[in-house]
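Residue numbers for the sequence shown follow the numbering used here, beginning at 319 and rising by one. We put the beta carbon where it would ideally sit given N, CA and C, even for glycine. Everything numeric in this text was worked out from a predicted model, so none of it was measured. Read the structure below first, then the notes.
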Amino acid sequence: MKHIDWLQLILLPVVIAIMFVAWFEPWVQWIVLSTGVDRAALVPPPGLMVFVLLASTFTTRYALRHTRYQRWLIVMGGWVILMGVAWLTYRLIALPAFLRNLLDWQNFIAPELIVIVATATLWWRGILIGRSRALIDENLDRTFFNGVLALGILLFINHFTRYVSPSDMLAALLVFFAMALSMLTVVNIERTRQQRSEDNSWLKRQRHWFATIFGVISAILLAALTITGIFSPDALRQILSAVGPALSTLAQAVLGLLRPIFTFLAWLVSPLLPILQLVLRALMEGILTFLRVLQQIGAQVDTQRTQEGIQSFLDSPEFVTFSRGTSIVLILIVFALLAIWAIRRSGLLTRRNSNEIRENIATRDLLRQQWQNFLARWRNFSAVSPSRYLALRGDDPRQNVRRAYQEFLEWARLRLHTRTPSQTPDRYARYIGGLYEAQHEAVDQLTALYLRARYADEPLTPAEVQTAQSALVRLQETPVIQSPLTEE
Numbered sequence: 319m320k321h322i323d324w325l326q327l328i329l330l331p332v333v334i335a336i337m338f339v340a341w342f343e344p345w346v347q348w349i350v351l352s353t354g355v356d357r358a359a360l361v362p363p364p365g366l367m368v369f370v371l372l373a374s375t376f377t378t379r380y381a382l383r384h385t386r387y388q389r390w391l392i393v394m395g396g397w398v399i400l401m402g403v404a405w406l407t408y409r410l411i412a413l414p415a416f417l418r419n420l421l422d423w424q425n426f427i428a429p430e431l432i433v434i435v436a437t438a439t440l441w442w443r444g445i446l447i448g449r450s451r452a453l454i455d456e457n458l459d460r461t462f463f464n465g466v467l468a469l470g471i472l473l474f475i476n477h478f479t480r481y482v483s484p485s486d487m488l489a490a491l492l493v494f495f496a497m498a499l500s501m502l503t504v505v506n507i508e509r510t511r512q513q514r515s516e517d518n519s520w521l522k523r524q525r526h527w528f529a530t531i532f533g534v535i536s537a538i539l540l541a542a543l544t545i546t547g548i549f550s551p552d553a554l555r556q557i558l559s560a561v562g563p564a565l566s567t568l569a570q571a572v573l574g575l576l577r578p579i580f581t582f583l584a585w586l587v588s589p590l591l592p593i594l595q596l597v598l599r600a601l602m603e604g605i606l607t608f609l610r611v612l613q614q615i616g617a618q619v620d621t622q623r624t625q626e627g628i629q630s631f632l633d634s635p636e637f638v639t640f641s642r643g644t645s646i647v648l649i650l651i652v653f654a655l656l657a658i659w660a661i662r663r664s665g666l667l668t669r670r671n672s673n674e675i676r677e678n679i680a681t682r683d684l685l686r687q688q689w690q691n692f693l694a695r696w697r698n699f700s701a702v703s704p705s706r707y708l709a710l711r712g713d714d715p716r717q718n719v720r721r722a723y724q725e726f727l728e729w730a731r732l733r734l735h736t737r738t739p740s741q742t743p744d745r746y747a748r749y750i751g752g753l754y755e756a757q758h759e760a761v762d763q764l765t766a767l768y769l770r771a772r773y774a775d776e777p778l779t780p781a782e783v784q785t786a787q788s789a790l791v792r793l794q795e796t797p798v799i800q801s802p803l804t805e806e
């Protein structure tokens, strides 16, 4: 049975569609309302936008799996979606009135034309998602950063115009960040699962990612609340008012869970109360004895008054409460020490893989170089990007086969899928799809020759070099089922 990558095929397209619509729908609403027309300005609902984007994605994937009528299917599907969205949005308006409104721009532009352009944009975005075979690599990150930038600009502009209501902005922010942070967490855990060996325990593989993900999510949420408070205080107040009851309910639930625990601990330490009270009384008697000694040597100490105060404290309810609280704290300290000792003895948190080497790559030179590259990109400096592959020199048959395999990797990167660091050559050859049978044979031949050139001891012959180059030529000349165009 063929393994189905649910994360790539189903989950990621749906989440990317929801994230895109979360910031795209408020922008469409703002543009439509800013036209200033004197007729009702209608915008397709977010659910319909998500449907359009997903329909485009899966239509593109279906069309690219067939060698004939690819563009015809995509274009005709787009026209059907355009007419369907226009009918669902303006179904209460007669066709002649709709066409007249489409051409009547009045002050700025017709809202009906904006809706059609927005629908076409959604269809185009779905085509890009359907063509891409590496959603987990960059599409999710790119969608997240584009959405943060778009929502930030819209919050700033809407603070002065108020075309989009604060409740709609709040819903867009909550949906966007909830979907983005949840999926980024799932993707990072999936990357960790693919790159770590299976002999380690689940906690060892995930604990570092959990700490990193928790820190990143906290930083992003704090930054989002800060930006919202700066550009849209009303939206921030609505967020706090909406979160306040939930936090209060959570606090009450936590207290309800802790109350039986403390009641049980109080019952558990009740036999210790007489012993603790006896120790405290002995301590107080020692203090009184010390004061009497000071009085005998001439110190001015009112022992009678001090004794009455101490006796009053020992007989008061506060002393009983203090004794019980001290006993509970001592019991908790003992339990905590035992738990820490047991965890350290088990090696659950301290034992590491002997083959694992952890080094900090965030050196000063690397950070400086990344900052300079970032500034150069903003200043539109033309910098030569470093090669993805190792430079090979010489006419040795091994080098020629390795160069042919590098050309195959570049060909596959532009058309199918980029090879990740966790994929071996054999696993990568099995992973890429969308090839004809002849191309599968060429990939297998080229991979086998590369493994021999890279790892085997016996030398390669010129005939085997010719075989590798012929396999590469067959791959390049035969069209793939997947479209060569990507979102890049």
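Determine, using beta carbons only, whether residue i and residue j come nearer to each other than 8 Å.
{"i": "residue 437", "j": "residue 392", "result": "no"}
{"i": "residue 396", "j": "residue 441", "result": "yes"}
{"i": "residue 350", "j": "residue 432", "result": "yes"}
{"i": "residue 347", "j": "residue 482", "result": "yes"}
{"i": "residue 554", "j": "residue 540", "result": "no"}
{"i": "residue 790", "j": "residue 764", "result": "yes"}
{"i": "residue 486", "j": "residue 344", "result": "yes"}
{"i": "residue 468", "j": "residue 341", "result": "yes"}
{"i": "residue 429", "j": "residue 479", "result": "no"}
{"i": "residue 557", "j": "residue 601", "result": "no"}
{"i": "residue 715", "j": "residue 783", "result": "yes"}
{"i": "residue 404", "j": "residue 445", "result": "no"}
{"i": "residue 492", "j": "residue 545", "result": "no"}
{"i": "residue 408", "j": "residue 371", "result": "no"}
{"i": "residue 717", "j": "residue 708", "result": "no"}
{"i": "residue 749", "j": "residue 735", "result": "yes"}
{"i": "residue 379", "j": "residue 448", "result": "yes"}
Can you give me the start and stop residues for the alpha helix (DSSP H) that residue i sits inside?
{"i": "residue 444", "result": "429-449"}
{"i": "residue 742", "result": "Element bounds for residue 742: n/a, residue is neither H nor E."}
{"i": "residue 362", "result": "Segment: none, residue 362 is in no alpha helix (DSSP H) and carries neither H nor E."}
{"i": "residue 347", "result": "330-351"}
{"i": "residue 723", "result": "715-733"}
{"i": "residue 389", "result": "388-407"}
{"i": "residue 471", "result": "458-479"}
{"i": "residue 785", "result": "780-795"}
Since residue i and residue j are thought to touch, with beta carbons under 8 Å apart, how far apart are those beta carbons, to the nearest angstrom?
{"i": "residue 594", "j": "residue 645", "result": "6 Å"}
{"i": "residue 649", "j": "residue 583", "result": "6 Å"}
{"i": "residue 722", "j": "residue 794", "result": "Actually they do not touch by this definition, with Cβ atoms about 11 Å apart."}
{"i": "residue 494", "j": "residue 465", "result": "6 Å"}
{"i": "residue 406", "j": "residue 366", "result": "6 Å"}
Using a Cβ-Cβ distance cut-off of 8 Å, determine whether residue i contacts chain C.
{"i": "residue 566", "result": "Here there is only one protein chain, and chain C is not present."}
Inter-stretch contact (C-beta, 8 Å, three-pair minimum) for the region 740-747 and the region 755-773: yes
Cβ contact (3+ pairs, closer than 8 Å) linking the region 366-382 and the region 327-340: yes
Sufficient close CB pairs (3 or more, under 8 Å) joining the region 457-467 to the region 333-345: yes
Contact the region 622-633 vs the region 561-578: 3+ CB pairs below 8 Å: no
Contact the region 653-662 vs the region 598-613: 3+ CB pairs below 8 Å: no
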